[in-house]
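In the numbering used here, the protein residues as written are 96 to 585. Reviewing the structure listed below.
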Ligand SMILES: C[S@@+](CC[C@H](N)C(=O)[O-])C[C@H]1O[C@@H](n2cnc3c(N)ncnc32)[C@H](O)[C@@H]1O
């Protein structure tokens, strides 16, 4: 069995004991405890120790793990171990839990996505369900990529929350948030939910943001919140996740005081996408340019623009050390003219044509030679305000033209185009105001791979902030609609 396909990360007893002490604090008195994928049983055994008179049932697909666990269990203990596939075991769980009023579902389901399983040639997947007329999780199997753990936890919640149940699972933090969102969207109401982050590196040698999600369905209320604690060990309350107009909010209390959710007058864009860095991005070495293959590049100046990367924007290194070739002014623009107008550039690009033909993204399919993406009038605006999408802090930068050319950004950056420096100064002041910062902190999930997205930035109602913060700034008159003012077009 491949560890990858089965998302196999056995929980150390130390962590299992912490999980059970948290469960105990809820004062649940379960009639049955179920561990859907129990492995060698650290959680199952900790659950038995915490609730010695309660029947505990574990399901596990790996026979060797079942044998290891069975060897530690004696006949007198109320422990049942079922060597079975969880995706085919719902009937067994229903049968075991049917006579019970209060159920505890606890565990650590496989940490793997269906895409990773398929890539490894595996088959450890739920059977595709008819999604018509079914809610939340049943529709998940129709999604192209989903987390197996999310599927298992949601399946448990959907099937067994009608009992007085408590669901307590280790999972990725993004998985926990998806589960909460599905409960909120599907009116699966509960009494309480808590999220305790833990160090996955320490307990599982895994580089992911992970947590212990505890959802108490022993009563029904219309709660759509989840308390977030600092760590599974300390359990100091931090803030509450919440729900607003179908959107998950990272810190609902702060959000309620700084709600500037709306539509930005300024359209946030991504920098240029080309997937061809070795050819398109050139280091400035004195008066020469060098590409990613170490070759000196001698081409016409016209299609060359100063370039800043995400790390430059995040760290405030705004000195230009790279140029980028920008062969198009808009997506899909014909490039054949370059051959006649800029023959050296054409030859250089043609010499590296295999780099372009190897690009996998569909955005380049059936497009002119050397096409780029995420380019338009806005790319050539004289002034930009930029922020990296990848870094875990808010650092907006004003970018002025360099040698009369607009500064270009890579596709992990977000930016807005401004016509003048005065306009950029005003927008920058709004973006860096306390009001905006508090608002952004309340909606950004800093543990996401790309915490700052154009979607998020486009939801800042700058006008509302301007009215509150700087009524004298004449936002309305300065903030012209994106006029597409541009410089250094070729
Ligand atoms: C992340 S490990 C956790 C194991 C155990 N719950 C623990 O916390 O130590 C996931 C477990 O799920 C088991 N597993 C994977 N796919 C399964 C399936 N389809 N049915 C039952 N168990 C499965 C793996 O063998 C592995 O033991």
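Each residue gets a CB set at the ideal place from its N, CA and C atoms; glycine is no exception.
**Message:** Helix, strand or coil for residue 150? Go by DSSP, reduced to three states.
**Reply:** strand
**Request:** Tell me residue 497's beta-bridge partners as DSSP assigns them.
**Result:** 500
**Prompt:** How about residue 244 and residue 264: are their beta carbons less than 9 Å apart?
**Reply:** yes
**Request:** Could you tell me whether the segment 151-165 touches the segment 126-138, using the rule of 3 or more Cβ pairs below 8 Å?
**Result:** yes
**Request:** Go through the segment 121-167 residue by residue and report every complete run of the alpha helix (DSSP H) that reaches 4 residues or more, in order.
**Result:** 137-145 and 158-166
**Rounded straight-line distance, which links the Cα of residue 392 to that of residue 502** = 20 Å
**Asked** If you count every other CB in all the chains shown that lies within 10 Å of the CB of residue 313, and 16 or more means buried, which is it?
**Response** buried
**Message:** Quick check: residue 145 and residue 119, are their CB atoms within less than 9 Å of each other?
**Reply:** yes
**Request:** Determine the contact status of residue 190 and residue 259, defining contact as a CB-CB distance below 9 Å.
**Result:** no
**Asked** What is the DSSP secondary structure of residue 324, counted as helix, strand or coil?
**Response** strand
**Asked** Taking the alpha-carbon positions, what's the residue 128 to residue 142 distance?
**Response** 8 Å
**Message:** According to DSSP, simplified to helix, strand and coil, what is residue 105?
**Reply:** coil
**Message:** Using the three-state DSSP reduction, which class does residue 477 fall into: helix, strand or coil?
**Reply:** coil
**Item:** Alpha carbon of residue 92 to alpha carbon of residue 480, nearest angstrom
**Value:** Residue 92 lies beyond the residue range present for the chain, which begins at 96 and ends at 585; the question has no answer from this structure.
**Request:** May I ask which residues mark the beginning and end of the beta strand (DSSP E) holding residue 350?
**Result:** Careful: residue 350 lies outside any beta strand (DSSP E), inside the alpha helix (DSSP H) at 347-352.
**Request:** Using only the heavy atoms of ligand 1, determine whether one of them is closer than 8 Å to the beta carbon of residue 371.
**Result:** no
**Message:** Using the three-state DSSP reduction, which class does residue 416 fall into: helix, strand or coil?
**Reply:** coil
**Prompt:** If we count Cβ pairs, one from each stretch, closer than 8 Å, do we get three or more for the segment 424-433 versus the segment 488-504?
**Reply:** no
**Prompt:** Which residue from 362, 412, 371 and 413 puts its Cα closest to that of residue 557?
**Reply:** 362
**Item:** Between the CA atoms of residue 140 and residue 175 - distance to the nearest angstrom
**Value:** 11 Å
**Item:** residue 198 versus residue 511: straight-line alpha-carbon distance, rounded
**Value:** 52 Å
**Request:** Whole angstroms is fine: what's the gap from residue 571's alpha carbon to residue 548's?
**Result:** 25 Å
**Prompt:** Using 8 Å as the threshold, is the segment 463-477 in touch with the segment 427-437, meaning 3 or more CB pairs across them?
**Reply:** yes
**Message:** When you compare the segment 166-185 with the segment 285-300, are there three or more beta-carbon pairs, one atom per stretch, that lie closer than 8 Å?
**Reply:** no
**Asked** So, are the CB atoms of residue 268 and residue 304 less than 9 Å apart?
**Response** yes
**Item:** First and last residue of the uninterrupted beta strand (DSSP E) at residue 343
**Value:** 342-344
**Message:** Could you tell me the alpha carbon to alpha carbon distance between residue 102 and residue 247, rounded to whole angstroms?
**Reply:** 12 Å
**Asked** Exposed or buried, what is residue 325 when buried is set at 16 or more other beta-carbons lying within 10 Å of its beta-carbon?
**Response** exposed
**Request:** Rounded to whole angstroms, what's the CA-CA distance from residue 450 to residue 443? Just pull it up for me.
**Result:** 12 Å
**Request:** Give me the Cα-Cα distance between residue 539 and residue 409, rounded to the nearest whole angstrom.
**Result:** 16 Å
**Message:** Which of the three DSSP states is assigned to residue 435 in this structure?
**Reply:** helix
**Item:** Residues sharing a beta bridge with residue 483, DSSP
**Value:** 508
**Residue(s) in a DSSP beta bridge with residue 260** = 198 and 312
**Continuous beta strand (DSSP E) stretch holding residue 376: start and end** = 376-380
**Asked** For the candidate residues 373, 205, 476 and 454, whose alpha-carbon lies nearest to that of residue 418?
**Response** 373
**Asked** When the Cα atoms are used, what is the spatial distance from residue 155 to residue 188?
**Response** 13 Å
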